[in-house]
Amino acid sequence: MDGASPRTFDCDVLVVGGGPGGSTMSTLLAQRGWRVTMLEKARHPRFHIGESLLPANLAIFEEIGVLEKLRALGHLKLGADFPRDDGSYYTFRFDRALGETPPYAFQVKREEMDRMLFENAREHGVDAREATKVERVAFDADGVVAHIEAAGTKAALRARYLVDASGRDTFLGKQLKLVERNGKHQSAAMFAHYRNVAHNPDDPDGNIISVNRFAHGWAWFIPLRGGDTSVGCVCKPSYLKTRRGSDNAAFMAKTLALVPGAERRMEGAECISPVRFTGNYSYACRRMAGPRWILIGDAWAFLDPVFSSGVYLAMYSARQACEVVDGALREPAREMALQKRYAKHLRHGYRRFAWFIYRFNSPVMKALFADPRNVMQVEQGVISMLAGDVFDNRLVLSKLRIFKAIYAIASLLNLRRWVADLADRRRQNRMRIATDAAE
Ligand SMILES: Cc1cc2nc3c(=O)[nH]c(=O)nc-3n(C[C@H](O)[C@H](O)[C@H](O)COP(=O)(O)OP(=O)(O)OC[C@H]3O[C@@H](n4cnc5c(N)ncnc54)[C@H](O)[C@@H]3O)c2cc1C
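Just so we're aligned: the sequence shown equals residues 3 to 441 in the numbering used here.
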């Protein structure tokens, strides 16, 4: 068995991946006294996209003891705006959210935040190893053996429980053939860091994230500490097919020229990083857990990042999964029930974000976000959703239900535009799937 005895355990829990999900999970389990090994195939600091955080996430940073470190790394985020076609905008400020979420969040350079979280896990006693890739796992009667590779050397490591936090690599999802493309939402993104991007006139310190829709998708402007700005465009497959040649920076500039409101912000801006692409967007694994294993964060599912939900969902799922693993290790008979509850709870939250995401570019949603009315506190409910409060707050959930009813009525009143939008989304998804099949 490649050096690992089937009778002994090298650790209680093996965590695959040292991103925000993996580091949070490892720290929480170590806080409860479990022996955790976390394996990360890259070396920190390493670039990662996903720089804008949500207020609801701050409680988890606090729980793992790094809120002050995050504050030192981050750039204050007070809200979000979604500019109209004429470039004018309305800001949704987190201090108007219902419930208890903090009135702010942060925007971060992920290489800095992820390294800080990884080191924090180590400080909590986690055996956190970099440049170590998990290649394959095999489950046995009471544990799991991971076959790993580090600096050209192969080894094996045996644990009682496996947590997959491998992000979009979906390590275990692929091995167990669980990954399913989300047919409702397909797109791809390009992004880079810029210097001298102008802020909006009423936001001199750059504390508001802007999410600008345009004909082929949407673009983000995320101010970072030190004055740089992360800019990205999430585009429909049909638009990306129009790209010619290999000059990514030129294609990015050409695309930004199509985004209402971008011209003013990008005038005088200088690109200071490579323009990166990522494709093949939304997916979910058919199952989230099984005997002695559990998936968290992007290793389970990935949603379009329009509401900056990814890091929060990774860390929140780690928080919830910690209860499952801790409970299952103490009382194995409870494992299935704990896993079932975990999957149900997580799916509800993901679906609440997903409902807004799928309709984000529809004419009706555009109109509702462009000119929000706080009838029955519905706008505040939407702000709570933007803050990440999508799981347990009954007041927020009731407001989101009213918003859905308003959306349905507005869609009926604009039936022709709604049908045209639905047809376009279906066409884009078919095109994406056809492109993937040809690759
Ligand atoms: C274009 C784009 C924009 C985004 N913008 C935002 C945003 O503004 N805000 C936000 O919150 N989210 C955003 N996201 C989503 C965010 O990037 C992810 O949701 C988040 O990083 C998920 O965290 P994670 O810990 O699950 O996975 P990751 O952060 O991806 O970490 C997984 C880690 O596992 C490691 N790994 C993988 N396979 C193995 C293996 N076999 N062995 C060992 N290690 C392995 C990887 O190297 C990686 O470090 C965006 C995503 C995209 C694509």
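Even glycine gets a Cβ: it sits at the ideal position worked out from N, Cα and C. All of these numbers come straight from a predicted model, not from anything done at the bench.
Residue state for Asn214 is assigned as strand, using DSSP reduced to three classes.
As summarised for the segment 6-38, the continuous alpha helix (DSSP H) elements at least 4 residues long and confined to that stretch are 22-33, given in chain order.
As DSSP reads the structure, Gly292 sits in a beta bridge with Trp295.
Three or more beta-carbon pairs separated by less than 8 Å link the segment 282-297 to the segment 177-185, which places the two stretches in contact. Collapsing the DSSP output to three states places Ser240 in a helix. In the same chain as Asn122, and ignoring 5 residues on each side of it, the C-beta atoms closer than 8 Å to its own belong to Ser25, Thr29, Ile66, Gly67, Val68, Lys71, in chain order. Scanning Asp87, Tyr360, Val15 for the CA closest to the CA of Asp306 turns up Tyr360.
Exclusion of the five residues before and after Val277 leaves Met192, Ala194, Asn250, Ala251, Met254 as the residues of its chain whose Cβ lies within less than 6 Å of its Cβ. Spanning the alpha carbons of Ile385 and Arg396 requires a straight line of approximately 15 Å.
With a minimum length of 3 residues, the unbroken runs of beta strand (DSSP E) contained wholly in the segment 151-200 fall at 155-166, 181-183, 190-197. Excluding its 5 nearest sequence neighbours in each direction, Ala58 has C-beta neighbours in its own chain below 7 Å: Thr103, Tyr314, Ala389, Gly390, Asp391, listed in chain order. Non-local beta-carbon contacts of Asp116 in its own chain, meaning distances under 8 Å to residues more than five positions away in sequence, involve Gly20, Gly21, Pro22, Ser25, His46, Pro47, Arg48, His50 in chain order.
Residue state for Thr257 is assigned as helix, using DSSP reduced to three classes. The beta carbon of Met268 sits closer than 7 Å to the beta carbons of Val199, Leu258 from its chain, once the five residues preceding and following it are set aside; these are given in chain order. Ile62 sits in a helix when the DSSP states are folded into three classes. Using a cutoff of 7 Å, the CB of His77 does not count as near ligand 1, since none of the ligand's heavy atoms is closer than that.
Boundaries around Pro225 are those of the beta strand (DSSP E), 219-225, since no alpha helix (DSSP H) includes it. Three or more beta-carbon pairs separated by less than 8 Å are not found between the segment 315-334 and the segment 370-381, which leaves the two stretches without contact.
Residue burial is scored here from C-beta neighbours: Lys256 has fewer than 16 other C-beta atoms within 10 angstroms and is therefore classed as exposed. Note on the segment 266-348: whole alpha helix (DSSP H) runs with a minimum of 4 residues are 312-332, in chain order.
DSSP, reduced to helix, strand and coil, places Phe108 within a strand of the structure shown.
Per DSSP, Ala133 lies in no alpha helix (DSSP H) and is assigned neither H nor E. Its Cα nearest to that of Val233, the residue Ile224 stands out among Ser240, Pro239, Tyr241, Ile224.
Looking at the DSSP output, Leu402 bridges to nothing. Relative to ligand 1, Lys238 has its C-beta separated by 7 Å or more from all heavy atoms.
For the 8 Å CB-CB criterion, Lys79 and Ala61 do not form a contact. Between Pro262 and Phe309, the C-beta spacing is not below 8 Å. For Ala99, the secondary structure class from DSSP, reduced to helix, strand or coil, is coil. DSSP places Lys368 in the uninterrupted alpha helix (DSSP H) bounded by 365-372. As DSSP reads the structure, Leu78 sits in a beta bridge with Phe108.
Going by DSSP, Val380 is part of the alpha helix (DSSP H) stretching over 380-389. At a Cβ-Cβ threshold of 8 Å, Ala271 and Arg197 count as neighbours.
Between Ile211 and Ala82, the gap from beta carbon to beta carbon is short of 8 Å.
For Phe94, the three-state secondary structure derived from DSSP is strand. Here Ser54 is bridged, per DSSP, to Gln109.
The closest heavy atom of ligand 1 lies 7 Å or more from the beta carbon of Val181.
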